[in-house]
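Undergrad:
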Amino acid sequence: MQEIKPTNCHYCGYCCAFLATVEDGRVVDLSPDPSRYPYDDRILAGCRRWRMNLDALDGADRVNYPLRRVGERGANQWERVSWDEALDDIVCSLRELAQQHGPETLASAIGGPHASFWPLHRFMNLFGSPNNMGIGQICWNPRIWMDALTFGWTVEADITPGLTECLFIWGTNPAQSDNSAFWRAIIQFSKSGAALVVIDPRRTQVAALADIWLPVRPGTDCTLALAFMHVIIEENLIDRAFVDEWCHGFDELAEHVEKYTPAYAAQVCGVPESDIRKAARLFGEAQAAALVSGRGIDQVGVNVAPTHRAICCLRAITGNVDKQGACVLAEASDFVSEVVMEMTDALAPEHRVRCLNTRRTPLQSYEGYEKARAITEKLGRRLPERYLTSAAPDLVLRAMETGEPYPVRALIVNATNPLLTYADTHRVFKAFMGLDLIVVLDYYMTPTASIADYVLPIAGAIERPIFQVHGGVANNGYGGPAAVAPYYERRTDYEVFRELGIRLGQEQAWPEETLEEAFAAQLAPTGMDWETYCRIGLYYQPPAYQKHLKPGSDGAPLGFATTTGKIELASEFLPQVGGTRLPEPGGHVSLCSPELVAEAEAQGGAHIRMITGSRKQPYNASMYFNNPAFREKSPVPVAEMSEDTARNLGLEPGCTVELATDQGSARFVLAIAKMRDDLVNVDYGWWHPEWTPGAPEFGGMWESNVNCLTTCTLAEPMIGTWSYNDIDCVIRRVDEPISWQNGR
Ligand SMILES: Nc1nc2c(c(=O)[nH]1)N[C@H]1C(S)=C(S)[C@@H](COP(=O)(O)OP(=O)(O)OC[C@H]3O[C@@H](n4cnc5c(=O)[nH]c(N)nc54)[C@H](O)[C@@H]3O)O[C@H]1N2
Ligand SMILES: Nc1nc2c(c(=O)[nH]1)N[C@H]1C(S)=C(S)[C@@H](COP(=O)(O)OP(=O)(O)OC[C@H]3O[C@@H](n4cnc5c(=O)[nH]c(N)nc54)[C@H](O)[C@@H]3O)O[C@H]1N2
Ligand code: SF4
Ligand SMILES: [Mo]
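In the numbering used here, the protein residues as written are 170 to 913.
1) If you check the beta carbons only, do Ala-354 and Gln-374 fall under 8 Å apart?
2) Report buried or exposed for Cys-261, applying the criterion of at least 16 other Cβ atoms within 10 angstroms of its Cβ.
3) According to DSSP, which residues form a beta bridge with Phe-286?
4) In whole angstroms, give me the CA-to-CA distance for Ala-278 and Asp-611.
5) Out of Val-366, Lys-599, Val-400, which one is the CA nearest neighbour of Val-385?
6) Hey, out of Pro-886, Val-653, Gly-868, whose CA is closest to Phe-187's CA?
7) Under a three-way DSSP split, which group does Phe-794 fall into?
8) Could you tell me which of Ser-298, Lys-599, Tyr-183, Leu-557 sits nearest to Leu-516, measuring between CA atoms?
9) When every heavy atom of ligand 2 is checked, does at least one fall within less than 7 Å of the C-beta of Ser-921?
10) Where does Lys-735 sit, in a helix, a strand or coil, going by DSSP?
11) Taking 7 Å as the line, does the beta carbon of Ser-559 fall inside it for any heavy atom of ligand 1?
12) Tell me whether the beta-carbon of Leu-878 lies closer than 8 Å to the beta-carbon of Trp-891.
13) Per DSSP, which residues does Pro-201 bridge with? Please list them.
14) Given that a residue counts as buried once 16 or more other Cβ atoms are within 10 Å of its Cβ, and exposed if not, what is Leu-498?
15) According to DSSP, is Ile-627 helix, strand or coil?
16) Could you have a look at Tyr-538 and say whether DSSP puts it in helix, strand or coil?
17) Among Ser-346, Ala-364, Glu-325, Gly-305, which one has its Cα closest to the Cα of Thr-333?
18) Comparing C-alpha positions only, which one of Thr-814, Val-324, Ala-693 sits nearest to Phe-729?
19) Nearer than 7 Å: is that true of the beta carbon of Gly-182 relative to any heavy atom of ligand 4?
20) Once DSSP output is grouped into helix, strand and coil, what is the label at Trp-247?
21) What separation, rounded to the nearest whole angstrom, lies between the Cα atoms of Phe-742 and Ile-736?
22) Mind checking Ser-443: buried by the 16 CB within 10 Å criterion, or exposed?
23) To which residues of the same chain is Glu-885 closer than 7 Å at the C-beta, ignoring the five residues directly before and after it?
24) Tell me the DSSP secondary structure of Ile-381 in three-state form.
25) Quick check on the DSSP output: what are the complete alpha helix (DSSP H) runs of length 4 or more inside the region 865–897, in order along the chain?
26) Measuring alpha carbon to alpha carbon, tell me which residue in Leu-564, Tyr-535, Gly-641 is nearest Pro-574.
27) Opposite Tyr-656 in the DSSP bridges: which residues?
28) Just list the residues that DSSP pairs Ala-458 with in beta bridges.
29) Identify, in the order they occur along the chain, each residue of the same chain with its Cβ nearer than 7 Å to the Cβ of Pro-576, setting aside the five sequence neighbours on each side.
30) Please confirm whether Asn-348 and Gln-786 have their CB atoms less than 8 Å apart.
31) Determine, using beta-carbon pairs with one atom in the region 475–484 and one in the region 309–328, whether at least three such pairs fall under 8 Å.
32) I believe Thr-513 touches Pro-754 by the beta-carbon criterion, under 8 Å. Please report the beta-carbon distance rounded to the nearest angstrom.
33) Could you tell me the alpha carbon to alpha carbon distance between Gly-747 and Ser-534, rounded to whole angstroms?
34) By how many angstroms is the C-alpha of Ala-379 removed from the C-alpha of Asn-300?
35) In the DSSP assignment, what residue or residues form a beta bridge with Thr-176?
36) What number of angstroms, rounded off, separates the C-alpha of Thr-571 from the C-alpha of Ala-561?
Written out as C-alpha cells, the structure is:
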C-alpha cells in the first residue's frame with residue numbers, strides 16, 4: 170500500500186518541503202510539496218541536490234549499523250555490534266576516563282548547522298564537561314557576540330522592496346552559499362534601482378550585479394568600515410536625532426575615525442578612494458540601508474571582532490537599527506529556547522571554570538558568557554550558551570597533545586568531519602590518533618570516522634523530523650516530520666545522546682523518548698501543536714521594529730540591553746574581556762617562515778596571499794563528493810587567481826600547483842577567476858569518498874586538503890578566532906597531475 174507523507178530535505182539550511190511516496194516503510198518517490206513552507210519552484214529547479222535524498226536513504230556507502238574498531242586505530246577494520254553493546258562500551262570507557270581525569274577529559278566536536286546540536290550539549294552539560302569544540306569562532310559567533318554587545322541583541326538584515334534604498338553585501342556570496350530565496354531576493358533587488366554595494370576580493374556573481382564592487386584586500390575590512398564612517402561623519406550624513414538619543418560614545422568614535430581617511434583606507438584596502446566615498450554616501454544618504462555580512466569577515470583572525478564592531482557602528486550612526494528596510498533585532502523565541510534545551514544551567518560552576526577557554530579567550534568562555542548575560546538578559550533575551558562558550562580547537566588539541574592543563578582523552582564527533590574542515594589537519598590527525606576513545610556520529614565513513622573507536626549510524630533527513638531554529642536567536646522555526654522510520658539500525662542524534670545519558674543516570678533530563686516528542690515539547694509554549702506545525706511547516710512571528718521605544722514597566726522607553734541602555738559605539742563592556750572601546754584594526758599574520766619562502770622562490774615558486782573555502786555549488790564543505798554527477802561536473806579542486814597574477818607567476822590554467830605553509834602542503838589545479846590581483850582563492854573539503862577509508866590514504870584527504878595549510882592558533886584576543894582568509898602561502902608549479910586529473 171502506498172502512502173503520501175510530508176517531509177523535508179536537509180541538504181541545505183532551507184529544509185524545503187517534500188512529499189514522500191512510502192511503500193512498506195520505504196520511500197519509493199519524492200516530489201516537491203507546494204502546500205507547505207518553504208516551497209519555491211524556482212529554487213527547486215535550480216537545486217541539484219534534492220534528488221540525492223532518495224539515493225542517500227539506501228546508499229551503498231551509508232553506515233547502517235553500529236561499528237566497533239577491531240584493528241589498529243585507522244586500519245579500517247570493524248565489527249558490527251548491537252546498539253546496546255556499543256552504548257554500554259562507550260559509557261564504560263567514559264566512566265573510567267572521567268574517574269581518572271575528571272569529566273572534562275571528554276570533549277565534543279561539532280561542525281556547521283547540520284543537526285540540532287542541543288541533544289549533544291545537554292548530554293555534555295549533564296556529564297560535566299564544558300569542552301565543546303566547534304567552529305563557531307570562525308562561523309557565526311563573532312557577529313552574534315559583537316551585535317549582542319553593541320545593540321543588546323543580534324540583528325538581521327530586513328531587505329524590503331521599496332524601502333531599502335541601499336544594500337551592502339559584505340564578505341558573502343549567496344549565489345553559491347545560499348542558492349535560494351535570499352539570492353533570488355538580491356537579484357530582484359539589483360533590478361529595483363536601489364544601490365547595491367559588494368565588498369569582496371572576488372568578483373562573485375553578486376559582485377557582478379553591484380553598482381560598486383570593492384575588491385578589498387582580505388582582512389582589511391575594519392579599516393574600510395572606519396573610512397565609511399569618516400566620510401559619513403565628515404559629510405554630516407549621520408542620523409543626528411538617533412545618535413543623540415540612542416548612541417553612546419559618538420564623540421569618541423568621531424575622533425577615532427578622523428585618521429581613517431578614504432585616502433588612507435584606499436592604500437590599506439587596495440580599493441579606489443573615490444569608490445570608498447561613493448559607497449559611504451550611498452549608505453549614509455539612504456532612508457533605510459541594509460547590510461548582510463558572511464564568512465568572508467568571520468574568518469579573519471585578529472580582525473574579526475573589530476570588523477564586526479565597526480559594522481555595528483556604521484549601522485548605528487546612520488540610524489539603521491531595528492528599522493524596517495534596514496535591520497531588525499530578533500525577538501526572544503516563543504518556543505523553548507535553545508539555551509534551555511541545552512540545559513547549560515545544569516553544568517556546575519566547578520565544571521564551568523575547568524573549560525579550556527577560561528582566562529584564554531575571556532569573552533568566548535563561561536565567565537565571559539555570564540558577564541554578557543547579565544547585560545543582554547536585562548530585556549529578557551538570553552543567548553545560546555554552548556555555542557558561545559565553545560572551546561578553542563587550539564586549546565583542546567593542546568590538552569590532547571600534552572595533557573596540559575589536564576588530559577583530554579575522549580572525543581565525541583557529532584555531524585562534522587574535522588580532518589577536512591578544522592584547521593591544521595596534520596595536527597588534528599596526530600592529536601586524535603593518540604586518544605583513548607573516539608565516537609563518531611555520522612551518515613558516512615568519513616576520514617574522521619575512519620579513525621574512530623565507534624561509528625554510530627545516524628538517521629538523516631526524511632528519516633527524522635526537523636525543527637530548524639538557527640541557534641535560537643530568532644522567533645521562528647521550520648521543517649516538518651519524518652516520512653519513514655530510520656532504515657536499518659540508524660538512529661537520530663537525539664536518541665543516541667538520550668541513550669548514553671540514561672546509562673549515566675541522566676533519566677530525569679530526557680523525558681521524551683523520541684526527537685519528535687522533544688520537538689513537540691519545545692514547540693508547545695507557542696500554542697501551536699506539532700501536527701499543525703507539520704501541516705504548515707513553519708512557526709513564524711512577523712518582526713516588530715523600534716522596540717527600544719516601547720515603554721517599560723516604569724513607563725520610560727525600554728532602550729537597548731547594554732551597559733548604558735544605549736547602542737554602545739564606545740563599548741563600556743569589551744575592555745573587561747580583553748577588547749577595546751572602539752574598533753581598532755589589527756595586523757596580518759603570516760603562515761610562511763622566511764626559509765619556506767626562500768626555498769619556494771629557489772624552486773621558481775612565489776609567496777602570495779590566500780583565502781580559502783569560498784563556497785561553491787554543488788558541494789558543501791566535505792559533503793556530496795560521493796555524488797557521481799557532481800563529480801563529473803566539478804571534477805577537480807582548484808586554486809584560483811586573476812589572469813594577470815597567473816601570467817606574472819608563469820602559471821597557466823589547468824596546470825597543477827602545490828601550495829604550502831609552515832603547516833603543510835596540498836595540490837590543486839590552477840584556474841583563472843575574476844578577482845583582485847596577488848591573491849589565490851583555494852577550495853576546501855576535497856576528498857575521495859570512493860577510496861578505501863582509513864590508512865594509508867584516509868580517503869585521499871592528504872592530497873588536496875587546504876586545511877593541511879591552515880592553523881587554529883588563537884588570534885583574536887576575546888573570542889580566539891583564527892584565520893581561514895587573510896593568510897598566505899607559497900605556490901609553485903608541479904609536473905605530476907593530481908589524482909582527480911588522472912581519473913583515479
Ligand atoms: N579552510 C577552511 N576551513 C573551513 C572553512 C573555510 O571556509 N575554509 N569553513 C568553516 C565553516 S564556516 C564550517 S561551518 C565548517 C564546516 O565543517 P563541517 O561541518 O565539519 O563540514 P561538513 O563537510 O559539512 O561535515 C559534516 C559531516 O556531518 C555529517 N552529517 C550531516 N548531517 C548530520 C546529522 O544530522 N547528524 C550527524 N551525526 N552527522 C551529520 C556529514 O555526513 C558530514 O560528514 O568548516 C570550516 N572549515
Ligand atoms: N555550496 C555551499 N554552500 C554553503 C556551504 C558550503 O560549504 N558549500 N557552507 C555553509 C556554511 S557552513 C556557511 S558558514 C555559509 C557561508 O556562506 P558565505 O558567507 O556566503 O561564504 P562564502 O561563499 O565563502 O563567502 C565568503 C566570501 O567572502 C569573500 N572573502 C574572503 N575573505 C574576505 C575578506 O577578508 N573580506 C571580505 N570582505 N570578503 C572576503 C570570499 O571571496 C567569498 O566570496 O555557507 C553555507 N552554504
Ligand atoms: S538542498 Fe536546499 S534548496 Fe535544495 S531542495 Fe534541499 S533544502 Fe531545498
Ligand atoms: Mo559555517
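Virtual Cβ for every residue (Gly too), placed ideally from N, Cα, C.
In this text, all values refer to a predicted model and were calculated from it rather than measured experimentally.
TA: In short:
1) To locate residue 354, count along the sequence shown from 1; it is residue 185. To locate residue 374, count along the sequence shown from 1; it is residue 205. Not closer than 8 Å, so no.
2) Residue mapping note: residue 261 aligns to position 92 of the sequence shown, counting from 1. Counting of Cβ neighbours within 10 angstroms places Cys-261 among the exposed residues, the total staying below 16.
3) As a working note, residue 286 is residue 117 in the sequence shown. Looking at the DSSP output, Phe-286 shares a beta bridge with no other residue.
4) The residue given as residue 278 occupies position 109 in the sequence shown. The residue given as residue 611 occupies position 442 in the sequence shown. Rounded to the nearest whole angstrom, the C-alpha separation of Ala-278 and Asp-611 is 12 Å.
5) Taking the first residue of the sequence shown as 1, we reach residue 385 at position 216. Of Val-366, Lys-599, Val-400, the smallest CA-CA separation from Val-385 is found for Val-366.
6) Here residue 187 corresponds to residue number 18 of the sequence shown, with the count starting at 1. The shortest C-alpha separation from Phe-187 is found at Val-653.
7) Taking the first residue of the sequence shown as position 1, residue 794 is located at position 625. The answer is coil: DSSP assigns Phe-794 none of H, G, I, E or B.
8) Taking the sequence shown and counting its residues from 1, the one referred to as residue 516 is at position 347. Nearest C-alpha to Leu-516: Ser-298.
9) Residue 921 lies beyond the range of the chain shown here (170 to 913); nothing can be said about it.
10) Counted from its first residue, the sequence shown places residue 735 at position 566. Coil at Lys-735, not helix or strand.
11) For the purposes of this step, residue 559 is taken as residue 390 along the sequence shown, with counting starting at 1. Incorrect: Ser-559 has no Cβ contact closer than 7 Å to ligand 1.
12) The residue labelled residue 878 in the question sits at position 709 within the sequence shown. The residue labelled residue 891 in the question sits at position 722 within the sequence shown. With contacts defined by Cβ atoms closer than 8 Å, Leu-878 and Trp-891 do not form a contacting pair.
13) What you label residue 201 is simply residue 32 of the sequence shown in a count that begins at 1. Answer is Phe-187.
14) As a first step, residue 498 must be located in the sequence shown, where it is residue number 329. Buried, since its Cβ has 16 or more Cβ neighbours within 10 Å.
15) Within the sequence shown, numbered from 1, the residue matching residue 627 stands at position 458. Strand at Ile-627.
16) Taking the sequence shown and counting its residues from 1, one reaches residue 538 at position 369. In the structure shown, Tyr-538 sits in a helix (DSSP, three-state: H, G or I).
17) Indexing the sequence shown from 1 puts residue 333 at position 164. Closest by alpha carbon: Ala-364.
18) Counting from 1 along the sequence shown, the entry for residue 729 is found at position 560. Per the Cα distances, Val-324.
19) Against the sequence shown, residue 182 aligns to sequence position 13. For ligand 4, not one heavy atom lies less than 7 Å from the Cβ of Gly-182.
20) Counted from its first residue, the sequence shown places residue 247 at position 78. Reduced to three states, the DSSP call for Trp-247 is strand.
21) Within the sequence shown, the letter at position 573 stands for residue 742. Within the sequence shown, the letter at position 567 stands for residue 736. When the Cα atoms are used, Phe-742 and Ile-736 turn out to be separated by approximately 12 Å.
22) The residue you call residue 443 lines up with position 274 of the sequence shown. Result: exposed.
23) Here the question's residue 885 lines up with position 716 in the sequence shown. Closer than 7 Å at the Cβ level, and outside the excluded window around Glu-885, lie Gly-470, Val-471, Val-473, Ala-474.
24) Here residue 381 corresponds to residue number 212 of the sequence shown, with the count starting at 1. Residue state, collapsed to three classes: strand.
25) Fully enclosed alpha helix (DSSP H) runs of 4 or longer: not present.
26) Counted from its first residue, the sequence shown places residue 574 at position 405. Taking each of Leu-564, Tyr-535, Gly-641 in turn and checking the Cα distance to Pro-574, the smallest one comes out for Leu-564.
27) Indexing the sequence shown from 1 puts residue 656 at position 487. Tyr-656 pairs with nothing; no bridge assigned.
28) Within the sequence shown, residue 458 is the residue found at index 289, counting from 1. Ala-458 is bridged to Cys-335.
29) The residue labelled residue 576 in the question sits at position 407 within the sequence shown. Excluding residues within five positions, the ones whose Cβ falls inside 7 Å are His-270, Thr-274, Ala-568.
30) Counting from one through the sequence shown, the residue named residue 348 turns up at place 179. Counting from one through the sequence shown, the residue named residue 786 turns up at place 617. At the C-beta level, Asn-348 and Gln-786 come within 8 Å of one another.
31) Enough Cβ pairs lie closer than 8 Å, so yes.
32) Position 344 of the sequence shown, counted from the start, is the residue given in the question as residue 513. Position 585 of the sequence shown, counted from the start, is the residue given in the question as residue 754. Between Pro-754 and Thr-513 the Cβ distance is about 34 Å, and since that is not below 8 Å, they are no contact.
33) Along the sequence shown, one-based indexing puts residue 747 at 578. Along the sequence shown, one-based indexing puts residue 534 at 365. Spanning the two alpha carbons is a distance of roughly 12 Å.
34) Translated into positions along the sequence shown, residue 300 becomes position 131. Translated into positions along the sequence shown, residue 379 becomes position 210. Answer to the nearest angstrom: the Cα atoms are 43 Å apart.
35) The residue labelled residue 176 in the question sits at position 7 within the sequence shown. Answer by DSSP bridge pairing, in chain order: Phe-187.
36) In the sequence shown, counting from the first residue as 1, residue 571 sits at position 402. In the sequence shown, counting from the first residue as 1, residue 561 sits at position 392. Rounded to whole angstroms, Thr-571 to Ala-561 spans 16 Å at the Cα level.
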